[in-house]
């Protein structure tokens with residue numbers, strides 16, 4: 001495999017791999033095993049073979065932050081635990097990003113985006129965010145039907161949710177005009193209303209079918225990064241991929257991105273020379289068969305490599 005050169009906003013070929021072994025934002029155990037499985041599969045070595053200097057922070061002590069009691073507050077489950085973990089990770093991510101390193105965060109459930117976006121945008125305040133997911137994750141605490149924080153991070157990060165006592169540290173750091181989605185196909189009615197009312201760039205699988213993935217990526221960048229001069233943060237939930245491609249994830253939804261469509265997104269963003277951070281989220285090795293887990297972990301690693309410039313030619 002060849003690599004494309006990287007990156008206009010980074011100081012060198014340094015990648016900080018941040019483990020986020022955390023499952024508190026949703027009810028299914030096992031997603032906290034995702035980061036270690038990706039690393040055991042050889043992700044760090046693969047990046048080093050691509051010419052990167054790689055540091056790895058496993059954060060395998062996150063359970064120590066779990067409170068003795070963590071009652072539901074304003075409809076959200078485990079708010080203390082989620083807040084403590086994501087605040088800790090946000091500081092770590094910010095530090096690496098401010099040193100000019102590419103930050104690759106391995107989840108963990110998507111509540112970890114409270115940390116990744118907070119940390120990356122603290123270092124790159126004019127950045128834009130491309131969210132690849134079957135779900136919009138922009139429910140407010142009042143609107144969420146499940147109470148799971150992994151369905152709410154973007155409402156806090158954009159300022160649509162304010163006033164929750166446990167998440168007062170989360171700043172509304174993301175302008176809605178710098179947020180775009182690809183791959184949506186399981187969206188709550190409240191989220192649909194929010195996306196429409198705020199004119200957020202949101203492309204569902206219908207749009208991918210209609211226009212193709214190449215045009216979809218260009219349309220998103222035209223909206224959130226029109227001059228191609230802003231840093232880009234990619235947050236990729238593997239449930240954006242069809243379950244035949246990435247079966248070992250907690251909320252699979254049929255009709256998702258193909259293997260190539262998912263990889264094209266990462267390749268195209270790497271080609272811009274603007275990508276400064278990527279999240280690979282919701283790999284759950286406790287779900288499905290050993291073969292399914294292998295397939296999902298393999299895809300997670302290859303997506304990460306593409307973010308850092310691996311190309312087919």
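In UniProt numbering, the protein residues as written are 1 to 313.
Note that CB positions come from ideal geometry on N, CA and C, so glycine has one too.
Everything numeric in this text was worked out from a predicted model, so none of it was measured.
Expected contact under 8 Å - CB spacing of residue i and residue j to nearest Å
| i | j | result |
| --- | --- | --- |
| residue 147 | residue 72 | 6 Å |
| residue 83 | residue 166 | 4 Å |
Of the listed residues the options, nearest to residue i (C-alpha basis)
| i | options | result |
| --- | --- | --- |
| residue 136 | 105, 163, 126 and 194 | 194 |
| residue 128 | 175, 68, 104 and 211 | 175 |
| residue 170 | 291, 304 and 118 | 118 |
| residue 68 | 76, 60, 80 and 61 | 80 |
| residue 234 | 122, 64, 258 and 304 | 304 |
| residue 11 | 219, 52, 21 and 44 | 52 |
| residue 18 | 140, 103 and 26 | 103 |
| residue 101 | 263, 92, 139 and 20 | 92 |
| residue 114 | 139, 145, 156 and 123 | 156 |
| residue 13 | 87, 74, 99 and 23 | 99 |
| residue 289 | 261, 263 and 248 | 248 |
| residue 106 | 144, 306 and 301 | 301 |
| residue 61 | 230, 231, 22 and 229 | 22 |
| residue 154 | 145, 112 and 189 | 112 |
Helix, strand or coil at residue i according to DSSP, with G and I counted as helix
| i | result |
| --- | --- |
| residue 269 | helix |
| residue 41 | coil |
| residue 19 | strand |
| residue 145 | coil |
| residue 9 | coil |
| residue 64 | helix |
| residue 33 | helix |
| residue 218 | helix |
| residue 1 | Because residue 1 sits at a pLDDT of 45, beneath the cut-off of 50, its placement in the model cannot be relied upon, and the point is left open. |
| residue 14 | strand |
| residue 209 | helix |
| residue 233 | strand |
| residue 301 | helix |
Own chain, CB closer than 6 Å to residue i, minus 5 neighbours either side, in chain order
| i | result |
| --- | --- |
| residue 7 | 273 |
| residue 262 | 241 |
Other residues of its chain near residue i: CB distance less than 7 Å, five sequence neighbours each side excluded
| i | result |
| --- | --- |
| residue 2 | Bear in mind that the predicted position of residue 2 carries a pLDDT of just 45, short of 50, making it unreliable; the figure below should be weighed with that in mind. Excluding positions up to five away in sequence, the list reads 311 and 313. |
| residue 200 | 176 and 179 |
| residue 123 | 94, 97 and 98 |
Close-in-space but distant-in-sequence residues of the same chain around residue i (CB under 8 Å, 5 per side omitted)
| i | result |
| --- | --- |
| residue 184 | 133, 134, 135, 136, 202, 203, 204 and 205 |
Would the segment 29 to 44 count as touching the segment 276 to 290 if we require 3 or more Cβ pairs under 8 Å? yes
Do the segment 157 to 166 and the segment 212 to 231 meet, that is, are 3 or more Cβ pairs less than 8 Å apart? no
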